[in-house]
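Here's the structure, in structure tokens; my notes come after.
Residue numbers (our numbering): 223 to 1221.
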């Protein structure tokens, strides 16, 4: 009777209620679980093309604002320092990102023609997102698909206008459907990387990227995805945006945000892109991801009705911050830093400061000052990428436990009462210290659309690293790229990075590179014992260095496992693996446990004795055969941990028992039972037999010994290499006879005449044991020793294994079969590479790769990792995570892929000759129409004069957009007198008549 049945109905009800409470608590916790930031990448002004470079800019108080580039349009044609000048901008500085026309379409499997019509913002997102994924060590498998979401903040569409105005090949138009619209920004990331989670482009103006981050966090908590890319991008490609912002008096003349300063005179604008990789915190901890920081909570709302469409609403700003605090389950006093929206406008900054004061200065629990700053003073206002730039600044500050200097602050604004708060603005690099708790920061982003967002970040939990019980002496680093040049650049990046970051551990470097990067066709593998050796290999040292190139679409070469037979054993074989590789160790211990009832000695004592007097025991057949079986079985388990699985298996004599076990003919227990019985029975036979190698063909040897029935053909190891077996005196006699005929022979150091009639006394007893075994047809193709061809159903019978003792090993025909089946790699599973030499004698093809698992003259790890390196170079897929699963590893920050850039840009006709006139028709058109609607006749006439000054090509471009409007019909005919007549008639028109004319 169960305990619950002994309870009263009331007690059972209490248990049910408690269970429901626990479920509710679990659900509530899932809705508020912290989100881990596990990777990030960026392209920001001031050359901040990596997070490391971004921190250098921030911590040094760097100013990323520079002269606008003149490579696409001439700044002087649009610049006029006088505000309000029609069609002109009064600033010539901004936060610029270099090489926005550059892209590596080959890397993303995009044709050059399609690349030309993809918005540079989308292209930049592809590269930055890939770098963020690499930084996180979470490269998705495109073929399998990854439940990863994509959330992109993006607003600008200037490249669409460029593409429309160009004379590009019309066949490119099909690509424009996906290459130009905003939706293509997120969709292309999902398509290219094989991401199957939610995917959306978000446009809320300046708050776009922070809203995207908020949506990503919600999606993760709702378990719509398991990982998410979240960020934003903005590129100024034309002067139009700067002109409109100047016309609206929203720009700073010197292009700099003087946030919170008395002299704030507008925003300085900039281009940039930032991307984060997110996971639920619990998942990130389980995956041992590099956690950069965590997101505790976030919120989004709207300004609603204000005095103007772009005027901030203090009440809404306060509300969104308070809601974010509630969602994060935090008190205002726990926040010690605010990354403000802070655009540097005399209207917006004081409103934001007062909003912050209402939330954070009224909290009586605050015990320390609140730092407030804005990244916009460094790199400008990045519009739809502004929020993500602020978040990345905070992440870097949390990592370095320092607050970067806030720039351009000469005198704090007098429109805010500073003494009434504990707010301070750090103007130099400041230690970020907290008296209690953890470092927590808020990030605000307010859109010109009225959409507000606030996100709260906390420093990453302290990473705990348990002491490693096992560690290996050698480590393998793999690097790869899609081109030879890219691989060379990647090698150089790693060399520089490892020289700079000496704190990185060799094991973590190799683990991160092997598991956290895609593996392309140009490959390099380096084997090293320490960091310095790895650096030497990166710089060109050839020892333990392998490289190669895989043909596109080439299938991995077929791999055969060759299992070594008796005679390869030696004391302490595989000992280094046993001491440092848990999977190998567990397999040997499992075999030892199974064999304890069948052997007089412990398997482990036979392999790794405490004294040196055990050589004789290991060479006794009763022990040799089961120990070889166990060692080879353990090697297979180690290879399997790396995902290395054979297409074919074949063993030599004793080795076929392990091959059969691996192929599923019988279980490990039955395989050990058979081999232990076989060895014991053979050991009990009289030691009057021996074996000899004969350097002659099978036919020659058969003919020579045909007259002596006591001599048997024991093995055919090559075209002119066979082994004979029988009584010692008879073997000696026939060796002398063959030598006299010029045929070389060599007596083998064996205890018995195996595979001869001397084995017949044990066959009946062995068959009885073999009949107690459960057999199965092989699951992996297996070559039979008896036939030299693929094993059929007979291998799953006791009779086969009885015959196996007596009949010769047909190794050479077996190798020929494997060759005919297309095997290109032969991996010997055994303590010594004996079969490889024999195999080379059978197959002379130069492209065949022959690899040992162990070699008595080489350290175990050096040999097995050398072979793994060459398998990798040849295109065999390696499970790097599986191979390192038994060890304590941490992902490290390593260099990202070196994209091979070329220019892909749709040029506008006559842009170089007269760029201003070709860009502005639609701009003046809009001004003219708006002035006409408003009855502003002087402005209307002025804008028409601008149109009059246009070239025929420019005018045609303008008229295409206005050809249906009667007021511009005269323009089509070039009738300027009619234009003037119409403009003078406007004064006498009613509003309805004006609207009718416009329509």
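Beta carbons are placed, not taken as given, at the ideal position from N, Cα and C, and that holds for glycine. What you are looking at is a predicted structure, and each value in this text was computed from that prediction instead of being measured.
Supposed close pair residue i, residue j - CB separation, criterion 8 Å
| i | j | result |
| --- | --- | --- |
| residue 843 | residue 973 | 5 Å |
| residue 313 | residue 475 | 5 Å |
| residue 937 | residue 1055 | That belief does not hold up - the Cβ atoms of residue 937 and residue 1055 are roughly 17 Å apart, past 8 Å. |
| residue 288 | residue 315 | 7 Å |
| residue 802 | residue 693 | 6 Å |
| residue 1005 | residue 861 | Not quite, the Cβ-Cβ distance comes to about 18 Å (not below 8 Å), so this is no contact. |
| residue 524 | residue 577 | Residue 524 to residue 577, Cβ: 15 Å. No contact. |
Proximity winner among the options, relative to residue i (alpha-carbon distances)
| i | options | result |
| --- | --- | --- |
| residue 913 | 877, 967, 860 and 322 | 967 |
| residue 774 | 1101, 610 and 331 | 331 |
| residue 306 | 369, 388, 285 and 472 | 472 |
| residue 1027 | 1125, 1059 and 787 | 787 |
| residue 1003 | 1043, 1035 and 970 | 1043 |
| residue 551 | 519, 799, 257 and 578 | 519 |
| residue 653 | 625, 662, 640 and 506 | 625 |
| residue 991 | 1008, 1023, 1001 and 1000 | 1023 |
| residue 646 | 560, 722, 600 and 672 | 560 |
| residue 477 | 469, 770 and 464 | 464 |
| residue 530 | 543, 570, 998 and 555 | 570 |
| residue 627 | 999, 1113, 283 and 1065 | 283 |
| residue 978 | 542, 949 and 996 | 949 |
| residue 1112 | 799, 272, 727 and 575 | 727 |
| residue 707 | 743, 686 and 1116 | 743 |
| residue 369 | 231, 421 and 232 | 421 |
| residue 256 | 506, 705 and 606 | 506 |
| residue 457 | 292, 318, 822 and 906 | 318 |
Secondary structure of residue i, DSSP reduced to three states
| i | result |
| --- | --- |
| residue 1088 | helix |
| residue 820 | coil |
| residue 692 | coil |
| residue 1074 | strand |
| residue 492 | strand |
| residue 654 | coil |
| residue 239 | helix |
| residue 459 | coil |
| residue 299 | helix |
| residue 911 | strand |
| residue 1046 | strand |
| residue 783 | strand |
| residue 482 | coil |
| residue 967 | strand |
Same chain only: Cβ atoms within 7 Å of residue i, ignoring 5 sequence neighbours per side
| i | result |
| --- | --- |
| residue 423 | 374, 376, 404, 405, 407 and 408 |
| residue 739 | 356 and 361 |
| residue 1196 | Low per-residue confidence applies at residue 1196: pLDDT is 48, beneath 50, and the placement is therefore not dependable, though the value from the model is reported in the following sentence. Excluding residues within five positions, none has a Cβ falling inside 7 Å. |
| residue 544 | 581 |
Cutoff 8 Å; reference residue i; Cβ partners in own chain excluding five residues on either side
| i | result |
| --- | --- |
| residue 817 | 825, 848, 852, 894 and 898 |
Cβ shell of residue i (< 6 Å), same chain only, five flanking positions each side left out
| i | result |
| --- | --- |
| residue 1052 | 786, 790 and 854 |
| residue 277 | 618 |
| residue 237 | none |
| residue 680 | 516, 518, 660 and 662 |
| residue 656 | 558 |
| residue 1136 | Residue placement at residue 1136 cannot be trusted, given a pLDDT of 40 that sits under 50; the coordinates are not used to answer. |
| residue 1198 | In this predicted model, residue 1198 has a pLDDT of only 48, less than 50, meaning its place in the structure is not dependable enough to derive any value. |
| residue 736 | 700 and 1102 |
- Segment contact, 8 Å Cβ cut-off, at least three pairs: the region 477-493 with the region 403-414: no
- Report yes or no: do three or more beta-carbon pairs, one from the region 696-706 and one from the region 739-755, lie closer than 8 Å? Flag = yes, the region 696-706 and the region 739-755 touch.
- Query: Taking contact to mean at least 3 C-beta pairs separated by less than 8 Å, is the region 1079-1099 in contact with the region 663-679?
  - Reply: Taking a cut-off of 8 Å for Cβ pairs, the region 1079-1099 and the region 663-679 do not touch, as fewer than three such pairs fall below it.
- Query: Are the region 266-278 and the region 487-500 touching by the rule of at least three beta carbon pairs closer than 8 Å?
  - Reply: yes
- Message: Is it the case that the region 350-368 contacts the region 255-262, given that we only count it when at least three CB pairs across the two stretches are under 8 Å?
- Response: yes
- Query: Do the region 932-951 and the region 756-769 make contact, defined as three or more Cβ pairs closer than 8 Å?
  - Reply: no
- Query: Taking three-plus beta-carbon pairs below 8 Å as touching, is the region 442-461 in contact with the region 586-602?
  - Reply: no
- Query: Quick one: any contact between the region 321-335 and the region 1111-1124, if contact means 3 or more CB pairs under 8 Å?
  - Reply: yes
- Item | Validate contact between the region 1075-1092 and the region 702-721 using beta carbons, cut 8 Å, 3 pairs | no
- Should the region 378-386 be called in touch with the region 329-345, which here means at least 3 C-beta pairs below 8 Å? yes
- Query: With a cut-off of 8 Å, do at least 3 Cβ pairs link the region 901-909 to the region 1006-1016?
  - Reply: no
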